[in-house]
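Enquirer: In the numbering used here, the protein residues as written are 4 to 1243.
#1: Shortest alpha-carbon distance to residue 792 belongs to which of 1140, 394, 1182, 837?
#2: Would the stretch 132-150 count as touching the stretch 162-182 if we require 3 or more Cβ pairs under 8 angstroms?
#3: Please say whether residue 161 and residue 169 have beta carbons closer to each other than 8 angstroms?
#4: Would you call the stretch 53-69 in contact with the stretch 89-96, where contact means no fewer than 3 C-beta pairs closer than 8 angstroms?
#5: Nearest CA to the CA of residue 768: which residue from 659, 137, 560?
#6: Within the chosen definition, does the stretch 1022-1037 reach the stretch 1225-1237 through at least 3 CB pairs nearer than 8 angstroms?
#7: Would you kindly check if the distance between the Cβ of residue 605 and the Cβ of residue 511 is under 8 angstroms?
#8: Is residue 417 helix, strand or coil by DSSP?
#9: My guess is that residue 764 and residue 725 are in contact by the Cβ rule of under 8 angstroms, so how many angstroms apart are they, rounded?
#10: To which residues of the same chain is residue 309 closer than 6 angstroms at the C-beta, ignoring the five residues directly before and after it?
#11: Can you list, in chain order, the residues of its chain whose CB lies under 7 angstroms from that of residue 435, leaving out five sequence neighbours each side?
#12: Taking buried to mean at least 16 other C-beta atoms within 10 Å of its own C-beta, is residue 1155 buried or exposed?
#13: How would you label residue 409, buried or exposed, when you count the other beta carbons within 10 angstroms and need 16 or more for buried?
#14: Determine the contact status of residue 948 and residue 961, defining contact as a CB-CB distance below 8 angstroms.
#15: Where are the alpha helix (DSSP H) runs, 4 residues long or more, that stay fully inside the stretch 890-967, in chain order?
#16: Please determine, among 573, 537, 570, the residue with the shortest C-alpha to C-alpha distance to residue 558.
#17: Taking its Cβ as the centre, do 16 or more other Cβ atoms sit within 10 Å of residue 722, making it buried, or is it exposed?
#18: Taking only runs that begin and end inside the stretch 404-483, name each unbroken alpha helix (DSSP H) of 4 or more residues, in chain order.
#19: Mind checking which residues open and close the beta strand (DSSP E) that includes residue 809?
#20: On a Cα-Cα basis, can you pick out the residue from 822, 120, 487, 448 that is closest to residue 350?
#21: Quick check: the stretch 1209-1220 against the stretch 1167-1178, are at least 3 beta-carbon pairs closer than 8 angstroms?
#22: Counting only runs of 3+ residues fully inside the stretch 318-355, write out the beta strand (DSSP E) ranges in chain order.
#23: So residue 788 and residue 841 are in contact, right, with Cβ under 8 angstroms, and what is the actual spacing, rounded?
#24: If you draw a straight line from the alpha carbon of residue 933 to that of residue 587, how long is it in whole angstroms?
#25: By the three-class DSSP mapping on this structure, what secondary structure does residue 12 have?
#26: By the three-class DSSP mapping on this structure, what secondary structure does residue 524 have?
#27: Can you pull the DSSP bridge partners for residue 84?
#28: Could you tell me whether the stretch 586-602 touches the stretch 636-654, where touching means 3 or more Cβ pairs closer than 8 angstroms?
#29: When you compare the stretch 499-515 with the stretch 552-568, are there three or more beta-carbon pairs, one atom per stretch, that lie closer than 8 angstroms?
#30: May I ask you to check if the CB of residue 673 is nearer than 7 angstroms to at least one heavy atom of the ligand MN?
#31: Hey, how far is the Cα of residue 943 from the Cα of residue 988?
#32: Please report how far the alpha carbon of residue 265 lies from the alpha carbon of residue 278, in whole angstroms.
#33: Buried or exposed for residue 956, please, with buried defined as at least 16 other CB atoms from any protein chain shown within 10 angstroms of its CB.
#34: Beta carbon of residue 480, beta carbon of residue 420: below 8 angstroms?
#35: Pull up the distance between the alpha-carbon of residue 713 and that of residue 685, whole angstroms please.
#36: Report the residue ranges of all beta strand (DSSP E) runs contained in full by the stretch 352-408; include only those spanning at least 3 residues, in chain order.
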């Protein structure tokens, strides 16, 4: 077997039975594995040494040949080749099946290739493959006339039998038979006495016109003597009637002949006899056509001969038997054998021509099916595969070392599930062989064939069809498919994710004294990771004679080992990774610094990229081995080269928490401090004065900068010392936001190296002053405002008014809810404002919140003001607010209301993590082929960029959207006519600002969405790489970067659907956060779908009917500028009662705009406005979700994913004509053009 050490790709296809035999080194005939006494593999079994190779290197099974000198010799006694035992990982065997079986993948896939190719419904196919009976209801016929074909007059036959006999024997005559439900015989004449029951029957049969009756006895008010006379007369009459009844009974005996004819065959009667009986006047019949349920094995027609059946038609066993007797050419079969016969009869080229012809004539749903069939047939033709290979005659047996059997303590064995599955197949196959040799009854053979089919199904994909085969402890056995698929499968577990040498993991702690590119590596860990390097150096420096001695020296930890280790580590970068690795910054390279202890030290500024904190997080260390890997780690992956986020181009290595606190404290300004008003000429004077205690850190002093005096503080001068001399003096109190702007500016002006150096200085300065400030929180820092009670009183009064308005019916329920929520929200905000007014500038709580180091003003409100409104588990806001704060403590009721939010938060976080991880994987899957393939695709197309707005709120400014784009048209100042940015130029921050200031509202730029690159994307359409701030390089995997940029902040998005002020949809939950992003990327129809206008026009009228149904009438605009009048009909839209209207009478409306609340269905936009409008809508909506949560993602990442979903470079083939394309198929524009060129 040829061993491939390296390959670029693998192709998966169907293997022919011949190919399976070529791979094989012998047939596995027995289900045995190893001998229980000798523990050696059994001959011809699943571990046979003759087939798979020797268990021991260079030794045959019987021991006749040992050692390498007999290499390649095949033992004449045991038949084992003398070779290496590793062949047991490579050599395959095979099982020759007694009866063909179908491959479950090709039968059970959706859509089923077998079903499509043969054009047989999957359910019918299943009955054939698994020998299942078919149930049918057949009409019954009675033979009237026969011609000696095994049928006699009076025989009852099925309709199907009748039709087959009739086709081949025209003399046969038969009639349908009927089932008689009810028979009544009447022999009454005028004057007869009848019972009440008979009276009712006669009424039903003859009706009131033909049937009349009189009461036998009526009693009136007469004299007693007269009554007695009448009674006597009646008695006489009854005696006479009695006689007549006896006569009727005699007549019934005479009618026994009729009764006999009716009951002759269990209530069945022929059509002729039925008509005869119906003619009898004294008889009432109720009859219906006789049918019979039959359940028999079904067969598939392979060769119809001269019969009226078609190839692939499903028939019953009785039909098969009759047709075989009449037509020797007729052939039908059952099981995989029959399907194989059909597949071998498929002429692919002929079928393609037939399907293409059929495609021209059909439309609708049938077209889709034909296209699917054509795709499968074309795929078979192009791959040179025979459809018959989907039916297996030979099953490959994978090498035994890939399905091992190991001995446990106590003499028991643990084995791979595959061995059990193979054993089932071999057992059933051998039993079937034996039954066939013995000529067993067909019913037993069929059952055995079905069991063999099920055994092979379980081996290939257990549980795909029917119940899974269970092993010990009711656990489903792992089949071949299970070994490949899922998180624990071969691909994701072993090929994409491997356990590697030269790696370790440990807990992380902060390393405040490290440089940006350094990490602290524990000495013990480093010694273990770099052990081979240390041992090599010990031998090279003659400190050890050989590697064995060197190993002992290392294990003893002698002093010389540590000095060598220090030298090695200095030039060798290492990789640090924190799971989960959500984006590429989850793995970065560092220069290690040896530290004492067992914890890895990391620089505080790289925590944001890793999303790490120091509450017990762990990190993994990896050592790049080859020089190329080391160079790559140092140039591309070093933390100091990755300070910008690939998602938005903003610095990700930003100071936070303590560092911001220190910088804020350092740059604060306060009146009446020591040294106020003093004038200084240079920074050294200021620092000396501060250190000597002449001036206070926050005192207002004057400082000479470039021939002018500035009011500043000593702290601000110290802060400015870390920046370059030519940079403008930063004279403000430093907060998180201002620090972000400063670092972005420094990066743009001074480059990466200077920025990293400044970041380290800021870190040192921040930590130093955070420490010396001595800031901490105490309970006394929480000051409850005196105005709180008054604010709550006002809010209560307002809520009472709202409730009163609702009680009088002035406002609706949802309006009442909204107003109450707004009233309490305002009260909570007023309390927060009151707290902040009362807090001094130097209150630690205020410093922390105002600087952005930790917490927010809202949290201060919860600590010292009021907690406010809380939401219940469904997300609905509870109208009862929590008036207490944490300083005073909550009441029991308030405490229980609070628990909702806390629990919901924890549950949401757990669910969000897995959901966003799954979204990232799907995004990577869809965008992995989006790679920068060329410099310029040469397209003249582009997109118009405007500021993104939603109901007046700016989601994204024009300036933000323009940066890093290449123009497709010149950007000209409308006032001066000056060209601000030329055609094909990159728009940087300065140009974007100029465009914005010039009042330009829209600019045409190149975009990933309109790129015409045949494969992948071109650099010009993509624009600037956000992480490097330069034009993107060819070969950059922008699709994966886009997927990571969108998926990584996914955990920050809310999961739930919940009510929010102002955007509530008539009491219904609205979808926000992660579910909304998923909905948009999947382009699903939203639940609360808005009604949108299909035309430009004016809302003419809004009709409201009694039962609250509404209609909106839109009158189209009759004239457009410089155009002829357009004739369009009025559009009337029915509005569902649960959707609130957002348009008014007389309002102008554009096509694609909403008439009601709710989300727009992207499919509607496609119909009305086209593909570009859909792309813009998806981009805007996705950005709205992320921006609402404060997450910034550059448009181009979302565009890259949208390009893969709503493609401009793919088109729908309306008519294929003579090309190889299929009508109704989606193809790339380039493939379409090539196909056209070919035809022309």
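Cβ coordinates follow ideal geometry from the N, Cα and C atoms, glycine included.
Expert: Let me lay it out:
#1: Here the closest residue by C-alpha is 837.
#2: The stretch 132-150, when compared against the stretch 162-182, does touch it at the 8 angstroms Cβ threshold.
#3: Taking 8 angstroms as the Cβ cut-off, residue 169 and residue 161 do not qualify as a contacting pair.
#4: Yes, the stretch 53-69 touches the stretch 89-96.
#5: Looking at the Cα atoms, 659 is the closest of the given residues.
#6: Touching, no, given that fewer than three Cβ pairs across the two stretches are closer than 8 angstroms.
#7: Yes, they are a contact pair.
#8: Of the three classes helix, strand and coil, the one that applies to residue 417 here is strand, per DSSP.
#9: The pair is a contact, with the Cβ atoms about 4 angstroms apart (cut-off 8 angstroms).
#10: Once the five neighbours on either side are set aside, the close Cβ partners of residue 309 are 330.
#11: Taken in chain order, the residues that qualify are 101, 102, 451, 452, 455.
#12: It counts as buried.
#13: With fewer than 16 Cβ atoms within 10 Å of its Cβ, residue 409 is classed as exposed.
#14: Yes. Within cutoff.
#15: Qualifying alpha helix (DSSP H) stretches, in chain order: 895-930, 961-965.
#16: If we check each option's Cα against that of residue 558, 537 comes out closest.
#17: The residue is buried, with at least 16 neighbouring Cβ atoms inside 10 Å.
#18: The alpha helix (DSSP H) runs of length 4 or more contained entirely in the stretch 404-483 are, from start to end of the chain, 420-441, 445-464.
#19: Where residue 809 is concerned, there is no enclosing beta strand (DSSP E), although the alpha helix (DSSP H) it sits in stretches over 791-810.
#20: It is 120 whose Cα lies nearest to the Cα of residue 350.
#21: The stretch 1167-1178, when compared against the stretch 1209-1220, does touch it at the 8 angstroms Cβ threshold.
#22: Qualifying beta strand (DSSP E) stretches, in chain order: 334-336.
#23: Confirmed, about 5 angstroms.
#24: Taken atom to atom, the span from the alpha-carbon of residue 933 to that of residue 587 is near 17 angstroms.
#25: Here residue 12 carries a coil assignment [DSSP, helix/strand/coil].
#26: DSSP, reduced to helix, strand and coil, places residue 524 within a strand of the structure shown.
#27: Listed as beta-bridge partners of residue 84 by DSSP are 77.
#28: Contact holds: three or more Cβ-Cβ distances are below 8 angstroms.
#29: These segments do not touch.
#30: This structure lacks the ligand MN; in fact it carries no ligand of any kind.
#31: When the Cα atoms are used, residue 943 and residue 988 turn out to be separated by approximately 14 angstroms.
#32: Residue confidence is low: residue 265 scores 45 on pLDDT, short of 50, so the model does not pin down where it sits. Its coordinate-derived value is still stated next. Their Cα atoms are separated by approximately 12 angstroms.
#33: Residue 956 comes out exposed.
#34: Taking 8 angstroms as the cut-off, the Cβ atoms of residue 480 and residue 420 count as close.
#35: Answer to the nearest angstrom: the Cα atoms are 12 angstroms apart.
#36: Listed in chain order, they are 394-400.
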